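Heads up: the structure comes next, in structure tokens.
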Amino acid sequence: MKDHIDVLLSEAQIEARIAELAAAINRDYAGKNVVLLGTLKGAYIFMADISRKLTIPTQIDFITVSSYGDTTTSSTQVKFDQEPSLDLSGKHVILIEDIVDTGHTLVFLRKYLLGHNPASLTVCALLDKPERREVSLPACEYLGFSIPNEFVVGYGLDFAQQYRNLPYIGILKQG
3 MKDHIDVLLS
13 EAQIEARIAE
23 LAAAINRDYA
33 GKNVVLLGTL
43 KGAYIFMADI
53 SRKLTIPTQI
63 DFITVSSYGD
73 TTTSSTQVKF
83 DQEPSLDLSG
93 KHVILIEDIV
103 DTGHTLVFLR
113 KYLLGHNPAS
123 LTVCALLDKP
133 ERREVSLPAC
143 EYLGFSIPNE
153 FVVGYGLDFA
163 QQYRNLPYIG
173 ILKQG
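Numbering of the sequence shown is given in this note's numbering, commencing with residue 3 and proceeding in unit increments.
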């Protein structure tokens, strides 16, 4: 059994879009301090790259949630492994997500984070799979790319903890 990966988004495409997203965040949060809250493990590369392009005062924190395990199908059960270490009350929080697909994780995280009374809460997601949506949720305020309903890996996204290190995003074909 050998996996094959077709490139969906090149390293150059990702880099250009991150520059655009960072410019929008810099503009929208000018004069404000923000907390970038990254979802581990998938968003770590995206968060690192976008944070280096920000010119606003920024704190960094992480949370760990999962809904895939070692499969290619998301479950509706969200597992919370690590909560934020920073006090989010009264702060401008930008949740950095790798991918929004069914929407269950994002609904769970929005509710949880709003319970910490931030001054504001926005979502910056690298990828969105609107065809996979199972729950209604507001659009991400900062979105990298809408993609087709394919299982993708690379640039932090994995399959069974493999492929995170790829510098591009590709469609995983198993066979």
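For every residue, glycine included, the Cβ atom is placed at its ideal position computed from N, Cα and C. Predicted model only: the values in this text are computed from it and were never measured.
With DSSP collapsed to three states, give me the class of residue i.
i, result
"Thr-41", "strand"
"Tyr-114", "helix"
"Ala-127", "strand"
"Asp-8", "strand"
"Leu-159", "strand"
"Ile-16", "helix"
"Tyr-170", "coil"
"Thr-73", "Its pLDDT being 49, under 50, Thr-73 is placed unreliably by the model, and the measurement read from it follows with that caveat. Reduced to three states, the DSSP call for Thr-73 is coil."
"Ile-96", "strand"
"Ala-21", "helix"
"Thr-107", "helix"
"Lys-34", "coil"
"Ile-58", "coil"
"Tyr-144", "strand"
"Asp-51", "helix"
Drop a sphere of 10 angstroms on the beta-carbon of residue i, count the other beta-carbons inside from all chains shown, and report buried for 16 or more, exposed for fewer.
i, result
"Pro-132", "exposed"
"Lys-93", "buried"
"Gly-44", "buried"
"Glu-22", "exposed"
"Thr-107", "buried"
"Gly-172", "buried"
"Val-9", "exposed"
Between the Cα of residue i and the Cα atoms of the options, which residue gives the shortest distance?
i, options, result
"Gly-40", "Met-49, Lys-34, Ala-32", "Met-49"
"Ile-20", "Ile-7, Ala-127, Gln-163", "Ala-127"
"Lys-34", "Arg-135, Tyr-157, Leu-56, Ile-98", "Leu-56"
"Leu-97", "Leu-139, Ile-52, Leu-116, Leu-38", "Leu-38"
"Glu-136", "Thr-66, Gly-105, Arg-112", "Gly-105"
*asked:* Does the structure place the segment 54-67 close enough to the segment 140-148 that three or more beta carbon pairs sit under 8 Å?
replied: In the pairwise beta carbon analysis, the segment 140-148 is classified as not touching the segment 54-67: fewer than three pairs are separated by under 8 Å.
_the segment 9-24 in contact with the segment 80-88 per 3-pair CB rule at 8 Å_ = no
*Are three or more beta carbon pairs between the segment 151-158 and the segment 112-124 nearer than 8 Å?*
no
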